[in-house]
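Colleague: Residue numbers (our numbering): 7 to 330.
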């Protein structure tokens, strides 16, 4: 088990209690701390003294820190688990590991509920639109990064997490690559975990039907990573169609934020486009590797996506987000 932490001390007592209570499986706890300035390390050493701790001198982000954990993991199966999670059933890990092996699943996730017991996806699945923006859908496209189970050899063969993604959308990228390589993804609905969301990062808060609060940092990271997903994973002909629409959609969104007197957000969106421009060489190198190995055409991939932009769905249902 690999868990990345940044100033998440308040979640650790419940988190470690859940892990200690797991039965029928040997748990190797790898705790990667991204330079927390709270008491996370002291709490970890006290509550889970057998944990292997990686103490980073700076915040390396979610993907790179998880990859660090993989390097020292000795188990056959990896379980990436956020620290703002509690596991009610003591046999969840055992059941998931058996399901992964018996059903020959490549990437597996559990059913996710919030701390009040309500299903996060409200009976739907983690979907994606053609612009790499996540949303709820009838079709499963990716496994939520808060809880991912995969064999170690498969994770390494897939290319691990993209370390250019400091945070957000790395789970989409990982699942997208798995689909391109014709691998099976699944959610095991018979088990569930409780996830708060944003325990080691800035969370998104839905305060009401008309007030949608999103941190600036999250907005920037999501936009830059979504564009990199598109640039790496689509075939060339698909990219010719999708890329101009993606840029127009983002520029229209930036204009909308300017009109609603949120110029800092508009800058974040345009900055995400600029980041991809100056990092295009690295993106193209990754693209070449992925496209050479792909086994599934974009026609099959797009059939698992939605065409209506999830951003528009959010705007219509909740309103224009207030960026904080």
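Note that CB positions come from ideal geometry on N, CA and C, so glycine has one too.
Quick caveat, the model's predicted, so the values are computed rather than measured.
(1) Hey, residue 141 and residue 133: beta-carbon distance below 8 Å or not?
(2) Return helix, strand or coil for residue 185, following the three-state DSSP convention.
(3) Hey, how far is the Cα of residue 3 from the Cα of residue 147?
(4) Please state whether the Cβ-Cβ distance between residue 228 and residue 102 is less than 8 Å.
(5) Suppose the cutoff is 6 Å on Cβ atoms and the five residues either side in sequence are ignored; what does the same chain contact list for residue 61 look like?
(6) Would you mind stating whether residue 235 and residue 178 have Cβ atoms separated by less than 8 Å?
(7) Starting from the C-beta of residue 37, find all residues in its chain whose C-beta is less than 6 Å away, skip the five residues before and the five after it, and write them out in chain order.
(8) Reducing DSSP to helix, strand and coil, say where residue 142 ends up.
(9) Residues in its own chain within less than 8 Å of residue 187 by CB, not counting five upstream and five downstream?
(10) Would the region 277 to 290 count as touching the region 309 to 324 if we require 3 or more Cβ pairs under 8 Å?
(11) Measuring CB to CB, does residue 28 end up less than 8 Å from residue 94?
(12) Looking only at its chain, what residues have a beta carbon closer than 8 Å to the beta carbon of residue 305, apart from the 5 residues adjacent to it on each side?
(13) Measuring only the C-alpha atoms, how far is residue 271 from residue 277?
Modeller: From the atom records:
(1) yes
(2) helix
(3) The first residue shown for the chain is 7 and the last is 330, placing residue 3 beyond what the model contains.
(4) no
(5) 39
(6) yes
(7) 9, 50, 57 and 59
(8) strand
(9) 164, 299, 300, 301 and 302
(10) no
(11) no
(12) none
(13) 10 Å
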